[in-house]
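Visitor:
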């Protein structure tokens with residue numbers, strides 16, 4: 038968390054000091070790869086700045102990517118080797134300079150149903166990621182100063198041990214996290230506004246670990262889901278509507294009777310935490 | 418195809434290469450699987466890259482007015498002789514040797530105009546490719562033919578592209594009848610490479626083909642195997658390929674590039690000509706000669722010699738210059754070191770003077786607080802050093818976290834802005850005051866000592882005490898500079914400088930720690946009596962008597978008066 042804060046502060050300072058970018062020359066690239074007999078693939082996506090989307094698809098392809106990027110500054114990456122797919126863009130220019138935030142775009146479609154360990158890393162982007170339909174066996178999402186919406190519109194057909202979200206300075210919204218089918222979800226947030234929707238289909242009791250620096254956290258919890266909140270915080274307000282304090286923990290009223298339970302371990306400094314119940 | 422003479426042979430090959438797109442329409446319709454595709458359209462480049470089953474790749478690129486296939490660079494071609502003339506006559510208008518050339522496999526075959534008919538047609542193809550995958554994509558690419566509207570250069574380029582697509586996606590091998598004289602075009606790109614990239618080989622062809630008869634069998638860009646029961650009636654020419662002969666060749670064997678293997682039982686009735694090729698194994702029978710056709714490389718040799726000569730001259734000049742510089746240094750060396758040492762000593766003295774002036778200001782404004790810090794240094798140096806070290810380590814984290822803590826609230830934001838510069842300044846001031854306090858203690862110690870040259874240090878004057886202490890703390894640096902005047906004492910100088918650095922760091926740490934411990938001289942936990950006037954101590958110091966003893970003798974009342982009385986009586 039501290040690292041995230043430091044990184045964020047540094048990034049914002051640098052961005053403020055750097056000169057404006059000239060108009061970018063955009064290049065469009067379309068790439069795809071046939072789906073072969075992949076048992077499981079590891080997918081690494083790297084994207085610096087612009088708009089970013091991920092979807093599942095049924096086209097018989099492992100992936101299909103459409104890119105628009107500043108060809109003076111970046112080059113596309115699409116490598117597939119040893120069941121590892123690496124796609125995105127890489128910077129080709131060293132030194133300082135504000136990264137172009139306008140115009141760049143990456144639309145990525147991934148094969149539905151193929152067991153997949155997904156690693157998404159993006160910087161100053163506006164991300165719209167729908168992981169629904171993907172058979173995720175692992176998930177790591179790392180984002181810098183972004184406005185990101187993560188949705189898991191359909192339950193994952195695979196299960197995973199841990200899903201990790203590392204968020205720098207961001208407005209981050211994750212919906213239907215229950216559909217991830219993850220035994221544990223970890224969110225490491227630096228500065229920003231975080232909204233976690235704990236709806237979706239929880240197939241087992243799970244834990245959600247949230248390590249938050251400076252900002253606001255909103256937990257949107259569906260009625261009927263047992264919620265336990267363990268809080269270790271400093272200068273953090275808690276709006277614990279619908280929770281009762283039992284010992285050191287806050288529990289939902291129906292915790293004992295709930296069919297599925299989610300335990301949230303919250304470590305926060307400077308900020309606010311709000312629990313909102315949804316029907 | 419019958420070949421009458423070498424130039425005609427080459428011309429025939431070139432014509433085959435330059436066939437319009439329609440000539441390839443008869444190729445097998447079966448297409449290969451496209452494993453992955455990349456369609457890229459940029460400011461100056463548009464490209465299609467395919468990965469096909471079996472690991473083959475195909476990349477066709479329009480870039481800066483050039484067309485490349487599989488990024489194979491051919492470069493310029495400068496040739497002489499009949500073959501070159503024939504090539505130039507055929508493609509003179511299509512091939513530009515400079516900028517704006519159109520290439521296949523990076524091999525120039527024509528030019529295109531951005532936004533022109535060919536460019537538009539190509540981009541339309543790319544647009545199709547974006548939407549299609551595998552089968553449909555492969556079919557679309559195979560079915561693509563150059564638009565009928567294309568003429569001249571554009572038609573030639575389009576034909577080359579079409580051919581590359583057909584070749585890659587259908588994988589149709591060229592069939593060769595070994596029994597008949599023929600020209601086999603194994604790989605058009607090889608021919609392009611041969612003709613355009615390797616200037617030397619074009620010249621070799623003229624020599625190698627000399628005397629080749631009409632019935633020659635020519636293989637280009639493909640390996641040849643003549644089995645034990647096979648016979649080639651005339652000459653055998655293999656260009657950009659390997660040949661393995663177990664049977665008989667009725668004429669000469671000409672190899673341009675590649676390797677030739679003559680296995681046991683093989684017979685070559687003519688000669689073997691090796692043009693930039695080699696005879697790997699010779700277990701057969703060659704009735705003629707083995708002739709190596711070589712290109713002389715006088716130009717290359719001259720260039721190499723020129724480069725070698727230039728490098729040698731450059732090195733010699735460099736060495737001469739270095740020797741001269743060394744001589745100059747040796748002449749002024751002693752004076753330089755003395756001047757440098759004197760400069761260093763002056764630098765030390767100026768530093769001491771500046772610190773002394775700052776010390777005066779600190780004593781003037783700090784007063785009792787400086788006494789408390791100095792007393793803490795004296796009484797708890799170890800604790801001060803530990804706190805100082807910890808404080809140094811925590812400086813940056815405290816600075817950052819303090820800023821973050823302040824910036825959380827709106828009220829704190831202005832304070833946070835001030836915090837950023839003020840905190841480092843405060844830390845530096847604390848270290849400076851601490852160091853000066855240590856210097857003052859050092860000065861007092863020197864005043865009490867019997868060391869020579871320290872009589873001028875008087876404890877009664879805080880400023881002089883502090884200046885003496887500063888000199889004591891920095892004496893190692895001064896000594897290092899003095900020592901550097903003498904030759905061969907570099908090691909001693911380094912040792913003294915390191916010791917001086919260690920003393921300075923220790924003084925800074927202890928002083929900084931004492932400042933922290935005393936909260937800037939306000940807490941007296943470690944210096945209870947510091948900065949307070951004690952008449953008893955002053956009396957003891959002045960009269961060198963124990964006050965308690967005097968008090969006992971004169972009674973408990975008014976000890977100072979009694980003391981004075983006692984003393985007066987004495």
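Protein chains in written order, with this note's numbering: chain A, 38 to 316; chain R, 418 to 987.
Built from N, CA and C at the ideal position, the CB exists for glycine as well.
Here the structure is a predicted model, which is why all the values come from computation and not from measurement.
1. Measure the Cβ-Cβ separation of residue 678 of chain R and residue 68 of chain A and say whether it is below 8 Å.
2. Any C-beta of chain R within less than 7 Å: which residues of the region 63 to 79 of chain A qualify?
3. Does residue 531 of chain R have its Cβ less than 8 Å from a Cβ in chain A?
4. If contact means a Cβ-Cβ distance below 7 Å, which residues of the region 866 to 878 of chain R contact chain A?
5. Can you tell me whether residue 733 of chain R is helix, strand or coil according to DSSP?
6. Can you tell me the Cα-Cα spacing of residue 493 of chain R and residue 118 of chain A, whole angstroms?
7. Taking a contact to mean a Cβ-Cβ separation below 8 Å, would you say residue 238 of chain A touches residue 192 of chain A in this structure?
8. Are the C-beta atoms of residue 825 of chain R and some chain A residue less than 8 Å apart?
9. Less than 8 Å between the C-beta atoms of residue 154 of chain A and residue 175 of chain A, yes or no?
10. Helix, strand or coil: which one does DSSP assign to residue 323 of chain A?
11. Among A:188, A:253, A:260, A:150, whose alpha-carbon lies nearest the alpha-carbon of residue 315 of chain A?
12. For residue 452 of chain R, would you say it is in contact with chain A, using Cβ-to-Cβ distances shorter than 8 Å as the test?
13. What residues in the region 110 to 132 of chain A bring their beta carbon closer than 9 Å to a beta carbon of chain R?
14. What residues match up with residue 738 of chain R in a beta bridge as DSSP calls it?
15. Quick one: using the 10 Å Cβ neighbour count with 16 as the cut-off for buried, is residue 839 of chain R buried or exposed?
16. Is any beta-carbon of chain R found at less than 8 Å from that of residue 251 of chain A?
17. Are the region 266 to 279 of chain A and the region 218 to 232 of chain A in contact at 8 Å, needing three or more beta carbon pairs?
18. Using CA coordinates, which residue listed in R:926, R:641, R:656 is at the minimum distance from residue 663 of chain R?
19. Rank R:735, R:700, R:629 by C-alpha distance to the C-alpha of residue 690 of chain R and give the top, closest one.
20. For residue 457 of chain R, which residues in chain A fall below 8 Å Cβ to Cβ?
21. Can you have a look at residue 531 of chain R and say buried or exposed, based on whether 16 or more other CB atoms are within 10 angstroms of its CB?
22. What would DSSP say about residue 798 of chain R, mapped onto helix, strand or coil?
23. Since residue 36 of chain A and residue 128 of chain A should fall inside the 8 Å C-beta cutoff, what is the C-beta to C-beta distance between them, to a whole number of angstroms?
24. Strictly by DSSP, which residues pair up with residue 314 of chain A?
25. Would you mind giving the Cβ-Cβ distance between residue 313 of chain A and residue 240 of chain A, rounded to the nearest angstrom? I have them listed as a contact below 8 Å.
26. Could you list the residues in the region 291 to 312 of chain A with a C-beta less than 9 Å from some C-beta on chain R, going in chain order?
27. So the candidates are A:249, A:245, A:253; which of them puts its Cα closest to the Cα of residue 265 of chain A?
28. Give, in chain order, every residue of the region 250 to 283 of chain A whose Cβ lies closer than 9 Å to some Cβ of chain R.
29. Would you check if the distance between the CB atom of residue 925 of chain R and the CB atom of residue 848 of chain R is smaller than 8 Å?
30. Could you tell me the alpha carbon to alpha carbon distance between residue 498 of chain R and residue 122 of chain A, rounded to whole angstroms?
31. Going by beta-carbon coordinates alone, are residue 277 of chain A and residue 253 of chain A separated by less than 8 Å?
32. Would you say the region 274 to 293 of chain A touches the region 784 to 801 of chain R, given that touching needs at least three Cβ pairs under 8 Å?
33. Indicate whether residue 182 of chain A and residue 211 of chain A have their beta-carbon atoms separated by less than 8 Å.
34. Answer yes if the region 885 to 901 of chain R comes into contact with the region 820 to 831 of chain R, meaning at least three C-beta pairs across the two stretches below 8 Å, and no otherwise.
35. Are residue 100 of chain A and residue 125 of chain A close, meaning C-beta to C-beta below 8 Å?
36. Only counting the same chain, and skipping five residues up and downstream in sequence, which positions put a Cβ closer than 6 Å to that of residue 670 of chain R?
Guide: Let's see:
1. no
2. 64, 65, 66, 67, 68, 69, 70, 71
3. Only weak support is given to the placement of residue 531 of chain R: the predicted model assigns it a pLDDT of 49, under 50, and the value that follows is read from those uncertain coordinates. Closer than 8 Å: no.
4. none
5. helix
6. For residue 493 of chain R, the predicted model reports a pLDDT of 37, less than 50, meaning its position is unreliable; a value from the coordinates is still stated below. Distance between the alpha carbons of residue 493 of chain R and residue 118 of chain A: 36 Å.
7. yes
8. yes
9. yes
10. No answer is possible for residue 323 of chain A: the residues shown for chain A start at 38 and end at 316.
11. A:260
12. yes
13. 113, 115, 117
14. Answer is none; residue 738 of chain R lacks a bridge partner.
15. exposed
16. yes
17. no
18. R:641
19. R:629
20. 64, 65, 66, 67, 113
21. With a pLDDT of 49 at residue 531 of chain R, under the threshold of 50, the predicted position of this residue should be treated as unreliable, though the coordinate-derived value follows. Exposed.
22. helix
23. Beyond the ends of chain A as shown, which are 38 and 316, falls residue 36 of chain A; an answer cannot be given.
24. A:258
25. Residue 313 of chain A to residue 240 of chain A, Cβ: 23 Å. No contact.
26. 306, 307, 308
27. A:245
28. 250, 251, 272
29. yes
30. Residue placement at residue 498 of chain R is flagged as unreliable, the pLDDT there being 40, under the threshold of 50; the coordinate-derived value follows with that caveat. Taking the straight line from one Cα to the other gives about 52 Å.
31. no
32. no
33. no
34. no
35. no
36. 653, 685, 689
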